[in-house]
Amino acid sequence: MSRNNTGAKGALKSIPSKGCSVSDQGCKYGSPHIVIALIARFIITPLVVIVFLIHKYRKERKPVDRVENFLRNQQSLMPKRYSYNDLMAMTNHFKDQLGKGGFGSVYKGHLPGGFLIAVKMLENTKFSAQEFINEVSTIGRIHHVNVVQLLGFCSEGSYRGLVYEYMPNGSLDKHIFSKEGKTQSFTWEKLLEIALGTARGIEYLHCGCDVCILHFDIKPHNVLLDQNFVPKVADFGLAKFYPKEYNPMSMSTTRGTIGYIAPELISRNFGAVSSKSDVYSFGMLLLKMAGGRKNVDAKAKSSSEVYFPSWVYDHLTVGGGDLELVNVSEIEIEIAKKLCIVGLWCIQVKASDRPSMIRVVEMLEGSIDDLQMPPKPLWSSPQRLSVQETQSNASTDWQTSESMEECLYDSGHVMESGSQLHGGEAMRPCELAMRPCELAMRP
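The numbering of the sequence shown is UniProt numbering, which starts it at 1 and goes up by one.
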């Protein structure tokens with residue numbers, strides 16, 4: 001009996017007391033801190049991850065759903081819808097890439113009947129749902145000889161594509177900006193035809209549709225040329241629609257490409273946004289067509305040669321109309337002067353001083369004898385600056401009214417959605433050159 005009692009007492013002594021150390025094996029999982037850590041690790045953390053994934057999915061689905069809702073509501077007005085597999089078949093699995101831009105890549109393809117097409121595959125990170133809707137809803141219902149035709153589109157999950165008629169001669173900028181050792185490919189007569197066709201396309205957008213369509217990104221890169229070099233206005237990602245009777249328009253963000261943006265799109269101190277904003281961009285396009293290069297030249301011999309619009313204005317007035325053209329006929333001289341004078345009217349700082357696109361077409365169609373010289377815009381001839389100096393002062397230049405025009409004539413950056421930069425080349429203002437003497441290079 002005593003031996004059994006002794007065993008029981010020994011067994012009781014082996015049972016850990018409530019006050020045992022947390023380091024003891026028996027109390028290891030009884031600590032509140034350990035329990036909380038385990039709950040956080042195996043319950044709370046997975047919940048946070050799940051909530052994050054749900055939020056991310058909904059965020060990614062939101063633009064997709066927005067596009068689908070729009071396409072469903074506008075189905076009867078939309079061009080043909082293709083699947084992603086259709087686009088792969090049309091382009092032979094995207095084999096022949098025509099180019100790559102800020103919003104995606106363009107591939108050559110063909111429809112079942114052999115009709116050549118260009119398929120633009122969009123990158124969702126750079127081409128927003130609203131821009132896709134703008135492109136489809138604008139070009140999808142427009143039929144004009146000087147506006148590119150949208151044949152169809154694809155919107156399948158994260159894949160978005162646009163199917164255009166194929167433009168074998170590419171964009172206008174490839175033909176008007178000369179390179180070293182290479183003269184311009186167009187005669188002055190052909191330049192006038194292209195300028196007039198582009199003007200008619202923009203006029204149709206402003207006046208020929210049910211609503212006024214403002215392009216907001218007129219530039220040589222967005223003028224495409226077909227097999228006969230007929231110009232067609234393209235790329236409506238930044239376009240806006242307004243009732244015809246509502247002019248001027250309200251806008252909360254800056255959009256367009258630096259070098260072509262009207263002053264009122266930069267600062268409301270220059271006035272309200274209207275169809276005259278496209279007129280300004282077209283004026284810049286005309287001057288670049290006439291000059292053959294872009295509008296700032298850091299390597300010019302004197303500061304008066306740096307800024308082409310100022311140079312050409314002085315030569316048309318003080319210089320007696322001498323544009324320093326060589327080996328050209330009188331008719332070609334008149335065409336060059338006409339392009340420059342119309343361009344100078346279009347880039348007036350005050351929108352009210354600019355002509356409408358209807359008037360621009362009339363000016364290009366008419367005689368140069370009927371054209372008057374416009375007032376000289378508020379230009380400030382930029383000094384010779386090195387590329388590094390210009391880059392370091394670029395942010396300051398945007399703040400000063402004296403340098404506003406120089407900034408407006410720089411080229412290559414698309415601005416929209418709160419003045420953010422999208423696509424284009426790196427900003428190098430002084431390297432975007434346009435020498436007045438390039439006028440003499442025209443055949």
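All C-beta atoms, glycine included, are put in the ideal place defined by N, C-alpha and C.
Treat the numbers as computed from the prediction; the structure is a model and nothing was measured.
Does the distance from the C-beta atom of residue i to that of residue j stay below 8 Å?
{"i": "Leu-191", "j": "Ser-275", "result": "no"}
{"i": "Ile-341", "j": "Leu-371", "result": "yes"}
{"i": "Ile-258", "j": "Val-233", "result": "no"}
{"i": "His-144", "j": "Gly-208", "result": "yes"}
{"i": "Leu-339", "j": "Met-289", "result": "yes"}
{"i": "Ala-239", "j": "Thr-91", "result": "no"}
{"i": "Ile-335", "j": "Trp-188", "result": "yes"}
{"i": "Gly-197", "j": "Pro-243", "result": "no"}
{"i": "Leu-47", "j": "Val-148", "result": "no"}
Buried or exposed: residue i, going by 16 or more other Cβ atoms within 10 Å of its Cβ?
{"i": "Val-106", "result": "buried"}
{"i": "Ser-155", "result": "buried"}
{"i": "Gly-291", "result": "buried"}
{"i": "Gln-227", "result": "exposed"}
{"i": "Phe-115", "result": "exposed"}
{"i": "Asn-146", "result": "buried"}
{"i": "Lys-299", "result": "With a pLDDT of 47 at Lys-299, under the threshold of 50, the modelled position of this residue cannot be trusted; read the value that follows with caution. Exposed: under 16 other Cβ atoms inside 10 Å."}
{"i": "Gly-412", "result": "Note that Gly-412 scores a pLDDT of 46, beneath 50, so its modelled location is shaky and nothing firm can be said."}
{"i": "Glu-150", "result": "As written in the sequence, residue 150 is Leu, which differs from the Glu given in the question. With 16 or more Cβ atoms within 10 Å of its Cβ, Leu-150 is classed as buried."}
{"i": "Arg-354", "result": "buried"}
{"i": "Lys-95", "result": "exposed"}
{"i": "Glu-135", "result": "buried"}
{"i": "His-175", "result": "buried"}
{"i": "Phe-177", "result": "buried"}
{"i": "Gln-348", "result": "buried"}
{"i": "Phe-42", "result": "exposed"}
{"i": "Val-326", "result": "exposed"}
{"i": "Ala-40", "result": "exposed"}
{"i": "residue 449", "result": "Because the chain spans 1 through 443 in this model, residue 449 falls outside it and cannot be assessed."}
Among the residues of its own chain, which have a CB less than 8 Å from the CB of residue i, if the five just before and after it don't count?
{"i": "Ile-44", "result": "none"}
{"i": "Asn-269", "result": "none"}
{"i": "Asp-86", "result": "Cys-154"}
Going by beta carbon distance, what residues of the same chain come within less than 6 Å of residue i, once the five residues before and after it are set aside?
{"i": "His-221", "result": "Ser-171 and Asp-173"}
{"i": "Pro-168", "result": "Gln-227"}
{"i": "His-206", "result": "Cys-212, Ser-275 and Met-357"}
{"i": "residue 456", "result": "The requested residue 456 does not occur in the structure, where the chain is confined to residues 1 to 443."}
{"i": "Met-312", "result": "Looking at the sequence provided, one finds Val at residue 312 rather than Met. So the qualifying residues of the chain are Cys-340."}
In terms of residue numbering, what span does the alpha helix (DSSP H) encompassing residue i cover?
{"i": "Arg-200", "result": "188-203"}
{"i": "Ser-155", "result": "Counting along the chain, Ser-155 falls outside any alpha helix (DSSP H), though it belongs to the beta strand (DSSP E) covering 150-156."}
{"i": "Tyr-166", "result": "Where Tyr-166 is concerned, there is no enclosing alpha helix (DSSP H), given that its DSSP letter is neither H nor E."}
{"i": "Pro-32", "result": "32-39"}
{"i": "Tyr-280", "result": "276-291"}
{"i": "Lys-174", "result": "173-176"}
Measuring CA to CA, which of the options is closest to residue i?
{"i": "Gly-256", "options": "Cys-207, Ile-341, Leu-53 and Tyr-280", "result": "Tyr-280"}
{"i": "Arg-359", "options": "Gly-283, Ser-31, Ile-139 and Lys-288", "result": "Gly-283"}
{"i": "Gly-343", "options": "Gln-97, Val-361 and Thr-91", "result": "Val-361"}
{"i": "Thr-317", "options": "Pro-375, Arg-354 and Asp-278", "result": "Pro-375"}
{"i": "residue 445", "options": "Gly-140, Ala-239, Lys-219 and Lys-338", "result": "No answer is possible for residue 445: it lies beyond the span of the chain, which begins at 1 and ends at 443."}
{"i": "Leu-286", "options": "Val-326, Ile-194 and Ser-310", "result": "Ile-194"}
{"i": "Ser-83", "options": "Leu-162, His-33 and Gly-104", "result": "Leu-162"}
{"i": "Lys-219", "options": "Tyr-260, Phe-186, Ser-185 and Tyr-204", "result": "Tyr-260"}
Output needed for residue i: all residues of its chain with C-beta closer than 7 Å, excluding positions within five of it in sequence on either side, in chain order.
{"i": "Arg-200", "result": "Asn-146 and Val-361"}
{"i": "Asp-235", "result": "Asp-217 and Asn-222"}
{"i": "Pro-79", "result": "Gly-140, Leu-150, Leu-151, Gly-152 and Phe-153"}
{"i": "Ser-17", "result": "Any reading at Ser-17 must be qualified, since the residue scores a pLDDT of 48, below 50, and its modelled position is unreliable; no value is offered."}
From which residue to which residue does the beta strand (DSSP E) around residue i run?
{"i": "Lys-108", "result": "104-110"}
{"i": "Ile-117", "result": "116-122"}
{"i": "Arg-141", "result": "Careful: Arg-141 lies outside any beta strand (DSSP E) and carries neither H nor E."}
{"i": "Arg-81", "result": "80-82"}
{"i": "Tyr-313", "result": "From DSSP, Tyr-313 is part of no beta strand (DSSP E) but of the alpha helix (DSSP H) over 308-317."}
Output yes if chain C places a C-beta closer than 8 Å to the C-beta of residue i; else output no.
{"i": "Met-167", "result": "Absent from the structure is chain C; it holds one protein chain and no more."}
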